[in-house]
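Data first, discussion second: the structure below is written as structure tokens.
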Amino acid sequence: MLSQVKKEEPKGNRIIVTVIGPDRVGIIAGVAQVLADNNINILDISQTILQEFLVMVMVADMSASPIDMATLKEKLAGKGREIGVRIDAQHEDVFKFMHRI
Amino acid sequence: MLTLQEVVETIKMVQEENLDIRTITMGISLRDCADPNPRAARQKIYDKITRLAGNLVKTGEEIEREYGLPIVNKRISVTPIAIVAESCNTGNFADFARTLDEAAAAVGVNFIGGFSALVHKGFTAADHRLIDSIPEALATTERVCSSVNVATTKAGINMDAVYRMGHIIKKTAELTADRDSIGCAKLVVFANVPEDNPFMAGAFHGVGEPECVINVGVSGPGVVKNAVRTAKGADFGVLAETVKKTAFKITRMGELVGRTAARKLGVPFGIVDISLAPTPAVGDSVAEILECMGLERCGTHGTTAALALLNDAVKKGGAMASSYVGGLSGAFIPVSEDAGMIRAAEAGSLTLDKLEALTCVCSVGLDMIAVPGDTPPETIAAIIADEAAIGIINKKTTAVRLIPAAGKKAGDYVEFGGLLGRAPVMPVKPFSAGEFVRRGGRIPAPINSLTN
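Chains as they are written, first to last, in full-length UniProt numbering: chain A, 1 to 101; chain B, 1 to 452.
In structure tokens:
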């Protein structure tokens, strides 16, 4: 699913943004806006519907962003409350280290 | 390569199942701080701790932000003070505890471990002085933790130390009577103590350890509980496999955080301690894992088998995830810190006898158990002797952290708040072991063949 962006060695400061909540219009736009406003480049988006819930995973690069992870998490959480979904971001290493030997 | 399911699984572990890095503990050798002048020695200790650990808390918080993983505690362990202060011409080592307390406060860690002595085969003059000053040390400091190793499989049990610790625990309880005898929550008596354990109150920096090292303790009872829940009705092979896989993932997080912290601080990475350590928070309980396996209440028949399976599966999964697994690694069963254990004790399902049996298969021992304030020191010593015997015969670490809550009787409660939690006071047997523990001397080391 995310294989195409995972083959290369990680560059910069890559994060994984997750969105979980009821599907509706404007979720991707909302998240993308927060990222764009903070100069964070989206590398890949994939999503699926799990039991009528939207689960979206975004890979993004925040190496050129002026803000840090904690601030970004707050901003995303705020946007999530606004559009009624749960948005979170974590460093890519967390996922890779847990699931890949 | 990462699938959507894997991403969601990780997010769920952190957000809903309380996966956290329980502690980053910086081990610091204080051997070079020895000085005949106690004032000079204390100054060297203070300077060295604040120099090496100055950035510990900041670095921990940085990693938390970067990875979005909570790191609950940042702590320090030091060389056993009995060794460091050996050459000082002072009778009272409590001053050293206060220096440790000040250094810990200065760098912002919540606990510092190492007000310790290793006396499994016998005492040095400094060991005597250190043990005598434990009650005052724990009563006059906030952050200092103390431990005494009284037995090993190779040396046997130093029964003089065991009896002495019965009195020391009582005195510590009395000196902190106004705070539910909280001093005893910071004092552990060990058999076969590991020298790289990052978990308080038993953490200290062993003599075989490097100058400075980062050890990490991971914990995720909530994550394991949810995994066990998904294996409802499955046979034991599947159950063990489920726990093993989960322990692997949890340990990987510890390895990541430990290595990152060590790199950022410029010190070597030591070990990951892959223990399931509960907190008083709902859902973060080892007892609930056992109950999820199919026991109506923790402590009932079958609990020992369930805990043995859990402990072993955690070790197997963790050993694959990190090449440097150490410390205590297994499942902790502290009563006051585990909501499920407290419930089981209240319901009468979990008794001191059953807890003792559980310690044969868990990672530590009789941990954070409140007993009546009028429990005689001989009885406490006898409980320590029982635990040490289990440890040396089974070649495992065991420990005792009992709180003879001053002025309280069976059925009352002690309340510590925070991670130390609350506990119902459990009854002890009314019959004396005085004549037995007062014999003195050493119980010989066990034979290593003829193992039945």
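Note that beta-carbon positions come from the ideal geometry of N, C-alpha and C, so glycine has one too. The structure presented is a predicted model; accordingly, all values stated were derived computationally and were not measured.
Item	Value
Taking the beta carbon of B:Q5 as the centre, do at least 16 other beta carbons fall within 10 Å, making it buried, or is it exposed?	exposed
Identify the continuous alpha helix (DSSP H) that holds B:Q15 and give its terminal residues.	4-15
Quick check on the burial criterion: 16 or more other C-beta atoms within 10 angstroms. Buried or exposed for B:F236?	exposed
With distances taken Cα to Cα, identify the nearest neighbour of B:K408 among B:T398, B:M426, B:V400.	B:M426
What residue range is occupied by the uninterrupted alpha helix (DSSP H) comprising B:A389?	377-393
So is B:V223 in contact with chain A if we call contact Cβ pairs under 8 Å?	no
Given a cut-off of 8 Å, decide if B:A423 and B:I333 are closer than it, judged by their beta-carbon atoms.	no
Between A:F95 and chain B, is the shortest Cβ-Cβ distance under 8 Å, so that the two count as touching?	yes
Note down, in chain order, each residue of its chain lying with its Cβ closer than 6 Å to the Cβ of B:A406, except the 5 sequence neighbours on either side.	A173, E174, A177, S181, G373
Might you give, ordered along the chain, the residues of its own chain that have their beta carbon closer than 7 Å to the beta carbon of B:I63, omitting 5 neighbours on each side?	I71, V257, T260, A261
Kindly give me the distance between the Cβ atoms of B:V400 and B:M159, rounded to whole angstroms, as I take these residues to be in contact under 8 Å.	Not quite, the Cβ-Cβ distance comes to about 14 Å (not below 8 Å), so this is no contact.
By how many angstroms is the C-alpha of A:D61 removed from the C-alpha of B:L309?	43 Å
Select from B:G108, B:V282, B:S133 the residue whose C-alpha is nearest the C-alpha of B:A117.	B:S133
At the level of alpha carbons, what is the spacing between B:I11 and A:V94?	10 Å
How long is the line joining the alpha carbons of B:R164 and A:T18, rounded to whole angstroms?	57 Å
Along the alpha helix (DSSP H) that carries A:F97, what are the first and last residues, could you check?	92-99
Just the C-alpha distance for B:C212 and B:A203, rounded to the nearest angstrom, thanks.	14 Å
Among the residues of its own chain, which have a CB less than 6 Å from the CB of B:A53, if the five just before and after it don't count?	M26, I76, V107
Just how far apart, CA to CA, sit B:V109 and B:N452?	45 Å
Would you say residue 459 of chain B reaches chain A, if we count a Cβ-Cβ gap shorter than 8 Å as a contact?	Nothing about residue 459 of chain B can be reported from this structure: the residues present for chain B run from 1 to 452 only.
Going by DSSP, what residues sit across from A:N41 in a beta bridge?	A:D61
Could you tell me which of B:G417, B:P446, B:N18, B:I392 sits nearest to B:S219, measuring between CA atoms?	B:N18
The beta strand (DSSP E) with B:K429 in it runs from where to where?	B:K429 -> no beta strand (DSSP E), and no H or E assigned at all.
Determine, using beta carbons only, whether B:G220 comes closer than 8 Å to chain A.	no
Which two residues bound the contiguous alpha helix (DSSP H) that contains residue 468 of chain B?	It is not possible to answer for residue 468 of chain B, since the shown part of chain B is limited to 1 through 452.
Going by the beta-carbon positions, is the gap between B:I169 and B:I28 smaller than 8 Å?	no
Measuring CB atoms only, is the region 93-101 of chain B touching the region 139-152 of chain B, in the sense that at least three cross pairs come out at less than 8 Å?	yes
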